[in-house]
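Terminal number for the sequence shown in my numbering: 328, no gaps in between. Idealized CB from N, CA, C, for every residue including glycine. To keep things clear, I will list the structure first and then write my remarks on it.
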Amino acid sequence: MNDYVLRTISKESNIRALFALTTNLTREAGQRHQTTGAATHILADSLTGGALLGALLKVRHRMAIKIEGNGPARKSVVESDSYGHVRGYVAVPDLAAQGVTSPSEALGTAGLLTVSKDLKLKELYEGIVHLETSEIDRDLTYYLNQSEQIPSHVSLGVAVDDNHEVKIAGGLLIQSLPPYDESVVDQFADRLQEMPPLIDMLVEGNTPEDIAALLYGDEPYDILESRPLSFRCHCSRERSRKALMLIGADEIQQLLDDMGQAVIDCHFCHDRYVFSADELANLVKELQ
41 MNDYVLRTIS
51 KESNIRALFA
61 LTTNLTREAG
71 QRHQTTGAAT
81 HILADSLTGG
91 ALLGALLKVR
101 HRMAIKIEGN
111 GPARKSVVES
121 DSYGHVRGYV
131 AVPDLAAQGV
141 TSPSEALGTA
151 GLLTVSKDLK
161 LKELYEGIVH
171 LETSEIDRDL
181 TYYLNQSEQI
191 PSHVSLGVAV
201 DDNHEVKIAG
211 GLLIQSLPPY
221 DESVVDQFAD
231 RLQEMPPLID
241 MLVEGNTPED
251 IAALLYGDEP
261 YDILESRPLS
271 FRCHCSRERS
281 RKALMLIGAD
291 EIQQLLDDMG
301 QAVIDCHFCH
311 DRYVFSADEL
321 ANLVKELQ
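In structure tokens, the structure reads:
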């Protein structure tokens with residue numbers, strides 16, 4: 041099944057709820073970064089959270105979520121946009137070798153969650169909160185309620201196989217619409233607690249539509265949109281070439297003399313761009 045996010049609204053309760061299936065994009069990200077142990081969980085949950093918050097953006101807007109902790113995973117970074125494109129990485133992808141299997145243990149007991157948004161204004165929007173639990177869905181919930189002051193509830197789920205690869209992943213986001221009413225979101229969060237765990241519903245084959253129907257129950261709601269999601273990086277050989285040019289002719293010549301080539305690795309997708317000695321020499325000539 042393809043990845044997608046389902047956007048719904050209930051006029052009766054004045055809430056919107058988003059339901060995402062992110063199995064393919066989180067699996068691809070894990071494979072690209074060769075994540076193991078808790079790193080697979082952290083990357084999958086971060087990407088799913090990014091996909092859900094990205095679905096709230098207007099056209100051409102972009103955002104980034106950075107989670108930094110004092111644990112062995114160090115940090116995860118995810119970027120998403122209004123078109124359903126998501127990319128991300130975890131700083132230390134191999135945590136199985138360290139015997140770390142708990143995502144909250146891997147992130148640590150202290151740290152920061154930062155959300156940056158490019159809303160096509162003069163300055164970026166930035167919101168920062170301390171990690172409350174080092175459980176990504178609960179920390180995103182805390183961020184939305186405290187920093188953006190929108191009554192919200194986030195729930196994320198991922199199942200991983202014995203090869204440290206994602207079997208299935210997804211999540212949901214419930215938010216009050218203006219005028220904000222925290223009690224309504226609490227009611228839906230209580231309903232969610234009475235349902236089977238999100239990951240169990242996903243493993244059993246429930247779709248975002250199925251989970252939405254279970255959550256709303258007898259309450260009428262509208263499906264506004266079903267938007268495709270995908271892992272997509274913006275890096276390219278040409279962008280890497282431009283990045284090399286920014287360091288200047290002297291630095292490029294130094295790379296040429298010392299290494300005989302330049303290698304640029306993308307943090308987000310792990311694609312590698314190798315520039316030969318001839319290419320570096322041509323860059324030096326072009327800059328001079």
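Short of 7 Å in beta carbon distance, which residues of its chain neighbour residue i, apart from the five on each side in sequence? Order them along the chain.
i, result
"Leu323", "Leu284, Met285 and Ile292"
"Leu232", "Ser195 and Leu255"
"His310", "Arg72 and His73"
"Ser206", "A small correction: the amino acid at residue 206 is Val; Ser does not occupy that position in the sequence shown. Here the set comprises Thr63, Thr66, Arg67, Gly70, Thr80, Ala84, Val198 and Val200."
"Cys306", "Cys273 and Cys275"
"Asp298", "none"
"Thr173", "Ser144 and Asp179"
"Tyr182", "Val169 and Glu172"
Within the same chain, show all residues whose beta-carbon is closer than 6 Å to that of residue i, passing over the 5 residues directly before and after it, in chain order.
i, result
"Ile304", "Ser280 and Tyr313"
"Thr80", "Gly70, Val200 and His204"
"Phe59", "Leu46, Leu212, Pro248, Ile251 and Ala252"
"Ala57", "Thr48 and Ile214"
Thinking residue i and residue j are a contact (beta carbons under 8 Å), I'd like their distance in whole angstroms, please.
i, j, result
"Gly89", "Ile105", "6 Å"
"Phe308", "Gly128", "6 Å"
"Asn110", "Ala150", "5 Å"
"Ile176", "Ser86", "6 Å"
"Ile49", "Leu264", "6 Å"
"Leu242", "Ile208", "5 Å"
"Leu296", "Leu320", "4 Å"
"Gln301", "Ala289", "Not really, about 16 Å apart at Cβ, beyond 8 Å."
"Ile55", "Leu164", "At roughly 28 Å, the Cβ-Cβ gap does not stay under 8 Å, so Ile55 and Leu164 are not in contact."
The alpha helix (DSSP H) with residue i in it runs from where to where?
i, result
"Gln227", "Glu222 to Glu234"
"Gly90", "Ala78 to Gly94"
"Lys285", "It should be noted that the sequence gives Met, not Lys, for residue 285. Unbroken alpha helix (DSSP H) run through Met285: Arg277 to Leu286."
"Tyr256", "Pro248 to Tyr256"
"Asp179", "Ile176 to Gln186"
Relative to the alpha-carbon of residue i, which residue among the options has its alpha-carbon at the smallest distance?
i, options, result
"Ser223", "Val206, Phe59 and His193", "His193"
"Ser53", "Leu296, Ser276, Asp262 and Pro237", "Asp262"
"Lys51", "Val117, Ile176, Met235 and Pro260", "Pro260"
"Pro191", "Glu319, Glu166, Ser120 and Ala229", "Ala229"
"Thr63", "Leu295, Leu97, Leu153 and Asn246", "Asn246"
"Glu244", "Gly300, Gly210 and Phe315", "Gly210"
"His101", "Met235, Lys157, Leu217 and His274", "Lys157"
"Ser270", "Val118, Ala57, Tyr182 and Lys98", "Val118"
"Leu93", "His170, Ala302, Glu188 and Leu161", "Glu188"
"Ala146", "Ala317, Leu164 and Leu171", "Leu171"
"Tyr220", "Asp240, Asn185 and Met235", "Asn185"
"Val140", "Leu159, Leu61, Thr173 and Arg114", "Arg114"
"Lys98", "Gly148, Lys160, Leu152 and Leu61", "Lys160"
"Ala95", "Ser266, Arg277, Asp202 and Ile287", "Ser266"
"Lys282", "Asp258, Gly257, Glu234 and Phe315", "Phe315"
What do you get for residue i, buried or exposed, if any count of 16 or more other CB atoms within 10 angstroms of its CB means buried?
i, result
"Pro36", "Residue 36 cannot be examined here, being either before or after the span of the chain that is shown, 41 to 328."
"Lys325", "exposed"
"Val126", "buried"
"Gln215", "buried"
"Pro143", "buried"
"Asp121", "buried"
"Met103", "buried"
"Glu108", "buried"
At which residues does the beta strand (DSSP E) containing residue i begin and terminate?
i, result
"Thr154", "Gly151 to Asp158"
"Val117", "Lys115 to Asp121"
"Ser50", "Tyr44 to Ser50"
"Gln215", "Val206 to Ser216"
"Gly70", "It is not in any beta strand (DSSP E) - Gly70 instead sits in the alpha helix (DSSP H) that spans Thr63 to His73."
"Tyr313", "Arg312 to Phe315"
"Ala199", "Ser192 to Val200"
Ordered along the chain, which non-local residues of its own chain (more than five positions away) have a Cβ less than 8 Å from that of residue i?
i, result
"Pro268", "Asn42, Asp43, Tyr44 and Gly124"
"Leu83", "Thr66, Ala69, Gly70, His73, Thr75, Ser116, Gly128, Tyr129, Val130 and Pro133"
"Glu166", "Thr154, Val155, Ser156 and Lys157"
Distance cutoff 8 Å, beta carbons only. Does residue i sit that close to anything in chain B?
i, result
"His125", "Of the protein chains in this structure there is only one, and it is not chain B."
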